[in-house]
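Below is one structure, written out as structure tokens; the observations come after it.
Numbering (our numbering), first residue to last: 2 to 186.
Laid out in structure tokens, this is it:
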């Protein structure tokens with residue numbers, strides 16, 4: 002089956018901004034199949050609380066794959082309470098080496114309010130520069146906008162909302178239906 006027989010799922014822009022002791026993760030709600038919007042109100046930013054330890058996660062890619070990864074991340078967080086980076090590294094190791102997990106197509110942005118990380122299936126756990134991270138089809142647009150706005154007097158939430166709004170104006174796989182979660186360090 003070729004790509005023209007079954008066009009791929011597209012969608013999602015997730016942006017995270019850390020400023021003034023707060024991290025805000027914002028995501029759009031669009032899921033597209035080819036040139037068709039399948040859903041406009043998907044919730045791709047979630048609050049996790051394994052063992053009472055709060056983490057906010059945003060995902061891009063296949064929803065089922067992302068949920069499988071979020072469940073694994075929660076288990077890693079329960080095994081290493083309060084150690085987001087260690088849990089993320091353990092998840093990335095498993096993702097890179099486990100034959101089942103290797104097939105998962107998603108990316109994650111995770112934060113506990115102190116650390117801000119991007120986790121990929123290539124085994125990467127990245128701490129973004131400039132306190133801004135973005136993933137997904139409109140991620141580069143949101144990243145550029147957020148970095149440009151970071152030096153203003155705007156707070157983290159305003160920057161994240163504006164950056165996602167700009168991405169939605171440019172990227173056809175991103176809409177303005179936002180889910181926003183805020184967490185302090």
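Note that beta-carbon positions come from the ideal geometry of N, C-alpha and C, so glycine has one too.
Beta-carbon separation of residue 133 and residue 16 under 9 Å? Locating residue 133 in the chain shown gives position 132, where the first residue counts as 1. Locating residue 16 in the chain shown gives position 15, where the first residue counts as 1. In this structure, residue 16 lies closer than 9 Å to residue 133 by Cβ.
Buried or exposed: which applies to residue 174, given that a residue is buried once 16 or more other Cβ atoms fall within 10 Å of its Cβ? For this step, residue 174 is matched to residue 173 along the chain shown. Its Cβ being crowded by 16 or more others within 10 Å, residue 174 is buried.
* If you follow the alpha helix (DSSP H) that residue 94 is part of, which residue opens it and which one closes it? -> The residue you call residue 94 lines up with position 93 of the chain shown. Element bounds for residue 94: 85 to 98.
What would DSSP say about residue 2, mapped onto helix, strand or coil?
Here residue 2 is taken as the residue at index 1 of the chain shown, counted from 1. Low confidence applies here, because residue 2 scores a pLDDT of 35, under 50, leaving its location unreliable; read the following figure in that light. Residue 2: coil per DSSP, three-state reduction.
- Quick one: give me the first and last residue of the alpha helix (DSSP H) that residue 77 is part of. To locate residue 77, count along the chain shown from 1; it is residue 76. Note, residue 77: alpha helix (DSSP H), 64 to 80.
Worksheet item: For residue 159, which of helix, strand or coil comes out of DSSP?
Response: Numbered from 1 along the chain shown, position 158 holds the residue referred to as residue 159. In the structure shown, residue 159 sits in a helix (DSSP, three-state: H, G or I).
| said: So, at 6 Å on beta carbons, what are the nonlocal neighbours of residue 88 in its own chain, with the 5 sequence-adjacent residues on each side left out? | reply: Mapped onto the chain shown, residue 88 falls at position 87. So the qualifying residues of the chain are 77, 78 and 81.
For residue 182, does the three-state DSSP call read helix, strand or coil? On the chain shown, position 181 is the one that residue 182 refers to. Strand, per DSSP.
Next on the checklist: Tell me which residues share the same chain as residue 176 and place their Cβ nearer than 7 Å to its Cβ, disregarding the 5 neighbours each side in the sequence.
Outcome noted: Working through the chain shown from its first residue, we reach residue 176 at position 175. Only 29, 30, 31, 41 and 169 meet the Cβ criterion.
task: Report yes or no: do three or more beta-carbon pairs, one from the region 148 to 164 and one from the region 47 to 58, lie closer than 8 Å?
output: no
Just verifying my parser: in three-state terms, what is the DSSP assignment at residue 20?
If you number the chain shown from 1, residue 20 lands on position 19. Strand.
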